[in-house]
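Q:
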Amino acid sequence: MRILYIIWQIFIAAPLLIIITLATAIITIIGCTIGNGRFWGYYPAAIWSWLFCRILFLPVEVEGKENLDANTSYVFVANHQGAFDIFLIFGFLNHQFRWMMKKSLENIPFVGYACKKAKHIFVDQSTPTTIYETMQDAYNILQGGLSVVVFPEGTRSKTGKMGKFHKGGFLLADYLQLPIIPITLDGPFNVLPRNKGISFVKRHKLRMIIHSPIFPQEKGRNDINLLSRQSYEIIHNDLPEEFK
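Numbering of the sequence shown is given in the working numbering, commencing with residue 178 and proceeding in unit increments.
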């Protein structure tokens, strides 16, 4: 079965995924240019992510959707196990949001420009001015009733285990006094672990747990540290033993 799955990936899944990726980028660019950016900046990519998982026959399990209110803005924070974190969240969260992502991703052909048109937030920490501009972009998006998703680790895990959380997303939640929703992701590391070589997708269940919101209690450094610590513990506690 493993050989058949690899053959499927090479000759059928890969061409299909390349086509729908380019189509999604083009549709997003055109839609956001001439139409409703709120709609076109989210739904094409959400459908793309859903198709990505389905074309690769990846089973998906989602828990905790009842914790979300469609009319509330959140700062979602999730552990970063692998590349398929993107498809799992985008395709199955079912809540309007924009990503906070590395500035370098803006350089990906078509996709980077599509993300820019969709108003995803590129994080530039090179100077105090660019940090302020990043926060202002996030502020403007959240004021519009959308949410943001942040990977506080900043990069994909090399082992599947969680790394140290950076404070950016929690600083934003504290500044705007918005609830944080911790998300536990399990499975993306098993599907496609981070490495430097060419590797094939392994069929494994993708699991996403959407936890109850955590509300800021006050403003300032103590609150930011508390939000970070609570989120880390909640996400960590629902990971399987091999990733703790």
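Each residue gets a CB set at the ideal place from its N, CA and C atoms; glycine is no exception. The structure displayed is predicted, hence computed values, not measured ones.
Suppose you measure from the CA of tyrosine 219 to the CA of arginine 275; what does that come to, to the nearest Å?
A: Taking the straight line from one Cα to the other gives about 8 Å.
Q: In the structure shown, what three-state DSSP assignment does valine 325 receive?
A: strand
Q: Taking DSSP as the reference, what is the three-state secondary structure of alanine 190?
A: helix
Q: Is arginine 275 helix, strand or coil when you go by DSSP?
A: Under the three-state reduction of DSSP output, arginine 275 falls in the strand class.
Q: Which class does methionine 339 belong to by DSSP, given the choice of helix, strand or coil?
A: coil
Q: Helix, strand or coil for aspartate 363 per DSSP?
A: Residue state, collapsed to three classes: strand.
Q: Determine the DSSP secondary structure at arginine 333, reduced to helix, strand or coil.
A: Coil, per DSSP.
Q: Tell me whether alanine 247 is buried or exposed, calling it buried when 16 or more other Cβ atoms sit within 10 Å of its Cβ.
A: exposed
Q: To which residues of the same chain is tyrosine 251 closer than 6 Å at the C-beta, ignoring the five residues directly before and after it?
A: Ser324, Pro356 and Ile358
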